[in-house]
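S.K.: I have a structure here, written as structure tokens, and I will follow up with some questions on it.
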Amino acid sequence: STSDFLEKNEIKVENIGQDAPLVITKFSQINVDSRIMKSFAKFSEPTPIQAVSWPYLLSGKDVVGVAETGSGKTLAFGFPSIVHLLESEKSKVLIVSPTRELARQIHETLEPIAASCGIKSVCIYGGVPKDAQREHLKTSRIVVATPGRLNDFLEEGSANLKNADYVVLDEADRMLEKGFERDIKQIISACTKSSKQMLMFTATWPAEVREIASNFMRSPVKINIGDRDE
Ligand code: ADP
Ligand code: MG
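Just so it is clear: in the sequence shown, position 152 is 133 by the numbering used here, and no numbers are missing.
Structural data, given as structure tokens:
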């Protein structure tokens, strides 16, 4: 049962009112485009964070996920992001990540899935010339970015986040530890679409992370795996 699954995996789900939590514990419960389903072919079942976050993300809810590294967060937010892009032609996805390496890993996971659906993506990070990134930004519907370089593009007017309606802050605690608070706030503020869906993933739950969640998210469902928010 659902409660056995939650208990076995030490999962707490908060802010869902009186409803029972929903879980997708088998890939066969998902009914989407076969091009997307292919990305699951090498896995036997969803990880706990995927199982619990997918029902809420696919229904448009804001979600905070507190889970350790290696728990499968990339596809937890990445799979619903591509479903979202296929559902509405004008929508855009923004994923903000603390380091170049992490941004590139996310991009490497999502790019082939998106490409198989005809969706372009770009990875934006510092330490390399801006020209190619700036060019790809114009046509990409998935932007994976580190905060500093994305803010450079916002300030020079070459990044436009007005249509970003699925916004992910990955490893939020690390981004704040690295001093990106101002950049993050500036980036979220540039995502002016009022109907956007906001997601935040973090390994810990300190006051700085809670503050971002309470200022920028709309009554998020909070999923905690393994008592990480004590
Ligand atoms: P996190 O962001 O939580 O650190 P990742 O998304 O990077 O974790 O995933 C960690 C590893 O788990 C990757 O090698 C990824 O391919 C693998 N993975 C993702 N989803 C599944 C799944 N459902 N079953 C087995 N392995 C998975
Ligand atoms: Mg990750």
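Each residue gets a CB set at the ideal place from its N, CA and C atoms; glycine is no exception.
Remember, predicted model here, so these are calculated numbers, not experimental data.
Determine the extent of the alpha helix (DSSP H) in which D154 is found, giving its start and end residues.
M.R.: Note, D154: alpha helix (DSSP H), 153 to 158.
S.K.: Name, in chain order, the residues that DSSP records as bridge partners for C104.
M.R.: Bridge partners of C104: V125.
S.K.: If you reduce the DSSP assignment to three classes, tell me which class K111 lands in.
M.R.: If DSSP states are grouped into helix, strand and coil, K111 belongs with coil.
S.K.: So K166 is in the beta strand (DSSP E); what residue range does that whole segment cover?
M.R.: Looking at the DSSP string, K166 is not in any beta strand (DSSP E); the run it does join, the alpha helix (DSSP H), is 162 to 171.
S.K.: Any chance the CB of G207 is under 6 Å from a heavy atom of ligand 1?
M.R.: It does not: the Cβ of G207 is nowhere closer than 6 Å to a heavy atom of ligand 1.
S.K.: When you compare only the Cα positions, how much space is there between L150 and L67?
M.R.: Their backbone Cα atoms lie some 21 Å apart in a straight line.
S.K.: For the stretch 27 to 77, list the alpha helix (DSSP H) runs that are entirely contained and at least 4 residues long, ordered along the chain.
M.R.: DSSP runs (the alpha helix (DSSP H)) wholly in the stretch 27 to 77: 29 to 39, 54 to 68.
S.K.: When every heavy atom of ligand 2 is checked, does at least one fall within less than 6 Å of the C-beta of K54?
M.R.: Because some heavy atom of ligand 2 lies under 6 Å away, the Cβ of K54 counts as near it: yes.
S.K.: Rounded to whole angstroms, what is the Cα-Cα separation between R163 and S(-18)?
M.R.: Each residue's alpha carbon lies about 43 Å from the other.
S.K.: Below 8 Å, can you find three or more Cβ-Cβ pairs linking the stretch 41 to 51 to the stretch 81 to 98?
M.R.: Segments in contact, no.
S.K.: On the CB-based measure, 16 or more other CB atoms within 10 Å of its CB, does K54 come out buried or exposed?
M.R.: It counts as buried.
S.K.: With a threshold of 16 other CB atoms inside 10 Å of the CB of V33, please say whether the residue is buried or exposed.
M.R.: Classification of V33: buried, given that the 10 Å Cβ count is 16 or more.
S.K.: Would the beta-carbon of K203 fall within 7 Å of that of N(-4)?
M.R.: Yes.
S.K.: What residue does the alpha helix (DSSP H) around Q(-1) start on, and which one ends it?
M.R.: Here Q(-1) belongs to no alpha helix (DSSP H), and DSSP marks it neither H nor E.
S.K.: On the premise that D208 lies in contact with T185, defined as a C-beta separation below 8 Å, what is that separation, rounded to the nearest angstrom?
M.R.: The Cβ separation is near 12 Å, so there is no contact.
S.K.: Could you give the DSSP three-state label for K220: helix, strand or coil?
M.R.: Here the chain covers residues -18 to 211 and nothing more, so residue 220 does not appear.
S.K.: Leaving out the 5 sequence neighbours to the left and right, which residues in its chain are closer than 8 Å to S176 when beta-carbon positions are compared?
M.R.: So the list reads D146, once near-sequence residues are dropped.
S.K.: Pull up the distance between the alpha-carbon of N132 and that of A171, whole angstroms please.
M.R.: Taking the straight line from one Cα to the other gives about 10 Å.
S.K.: Hey, would you say I100 sits closer than 7 Å to A126, going by beta carbons?
M.R.: Not closer than 7 Å, so no.
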